Amino acid sequence: MRVVIICSVRGGTPQEVSNYVLKMEGEGNQVYFPPRDTPQDDPTGLTICLRMCQQIRLADEVHIFYYPESQGVHFDMGCAFALGKKWKLINNPNDSPGKSYIKVIKETQS
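Next up, the structure:
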């Protein structure tokens with residue numbers, strides 16, 4: 001299975017995410033992991049966004065480590081949602097009452 005990980009890159013990637021990628025690859029999955037696979041030397045961010053959308057388009061599934069502070073996570077989630085990709089939330093972030101991205105992911109995940 002081809003999986004794209006959506007996670008924060010600029011703020012650093014927690015070991016939890018790296019461990020998850022290793023587990024998925026150990027199970028025979030092809031994993032696109034942005035901190036490792038997307039060059040970050042892009043002065044505007046456009047090339048990064050285009051590359052992520054391309055990888056999401058090619059993916060069978062999108063696995064999300066949601067961080068509310070990350071702008072990139074929100075952009076990538078929008079691409080996955082617009083493309084109708086099968087997705088799932090991997091971490092368990094705190095949620096607040098009312099509308100939230102976390103609730104949208106949980107309501108629509110496979």
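Residue numbering for the sequence shown follows UniProt numbering, beginning at 1 and increasing consecutively. Don't be surprised by glycine CBs; every beta carbon is placed ideally from N, CA and C. All figures in this text were calculated on a predicted structure; none of them were measured in a lab.
- The count of Cβ pairs closer than 8 angstroms, one atom from the region 45 to 64 and one from the region 1 to 12, reaches three, so the stretches are in contact.
- CA-to-CA, the gap between Gln15 and Glu107 works out to about 27 angstroms.
- Within the DSSP secondary-structure output, His63 pairs in a beta bridge with Ile5, Lys88.
- Going by DSSP, Gln30 is part of the beta strand (DSSP E) stretching over 30 to 32.
- Between Met52 and Thr38 a beta carbon distance of about 7 angstroms is seen, short of the 8 angstroms cut, so the two are scored as contacting.
- Rounded to the nearest angstrom, the Cβ distance from Tyr66 to Tyr101 is 7 angstroms, consistent with a contact under 8 angstroms.
- Restricting attention to Gly28, Asp76, Asn29, the CA atom closest to the CA of Ile48 is found in Asp76.
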